[in-house]
Amino acid sequence: MKTVNKRTELKKQLRTACLETQQRLADITRAAMLQAQESANEEKGAMEDRFESFREQCQINRDMYAKQLQEILANLLILQKMDASRTSDAVTFGTVAVTDTHTFFISIGIGELKVKGKTYFALSTSSPLFKAISGKKAEETFPFRGKIQRILEVY
């Protein structure tokens, strides 16, 4: 029972680390989007043609940041709905998969996370690696990028 509690606590910490990372990204992206909008709204000055081109570029940037913000907010929602206490013996959304090369937290595609001094990789369910590992259990192998890897644990 103690191992289950430790694993659940670790998954909660990983989820929190992902949430914090996504929230920071949302804040940065929101600020960049507002800055692009403010730049587009500034006074024209004497060079109208150059200004219009600059203004259009600022609006393109604002739209790009708005799209990124939408994706980040969608990822935040996915993480908020995740039940970190749910266990599974097969690799699926919300599990931790320990392989002979890395430890993965199946959640959203953030990449490297550090929790309690250990490195984990937050892996999206739409990534090619997840597609290779999905549904596998401990002691099973899977091919990825020409190498056979072994799953040591899933929880």
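Under this note's numbering, the first residue of the sequence shown is numbered 858, with each subsequent residue one higher. From the three backbone atoms N, C-alpha and C, an ideal C-beta is built for every residue, glycine too. Keep in mind that this is a model prediction, so the values were computed, not measured.
Comparing C-alpha distances from T949 to each of D920, I929, K1004, L986 shows the shortest one belongs to L986.
Rounded to whole angstroms, the gap between the alpha carbons of E1010 and R881 is 31 Å. Rounded to whole angstroms, the separation of the alpha carbons of I963 and E969 is 12 Å. Between the alpha carbons of S983 and R864 lies a distance of about 24 Å.
Between L936 and R1002, the CB-CB gap reaches or exceeds 8 Å. Distance from the Cα of V972 is smallest, within the candidate group V861, T878, T860, for T878. Three or more pairs of CB atoms, one per stretch, sit closer than 8 Å, so the region 886–898 contacts the region 913–926. Residue pairing by DSSP puts P1000 in a beta bridge opposite I1005.
Distance check between D940 and each of K869, A979, I929 places K869 closest, using alpha-carbon atoms only. Put simply, the backbone Cα of A883 is about 31 Å away from that of S945. Cβ contact annotation for D957 (same chain, cutoff 7 Å, sequence separation greater than five): Q1006, R1007, L1009, in chain order. Under the three-state reduction of DSSP, A979 is assigned to strand. Around the beta-carbon of T952, 16 or more other beta-carbon atoms lie within 10 Å, marking it buried. For the pair L876 and L930, the CB atoms are not nearer than the 8 Å cut-off.
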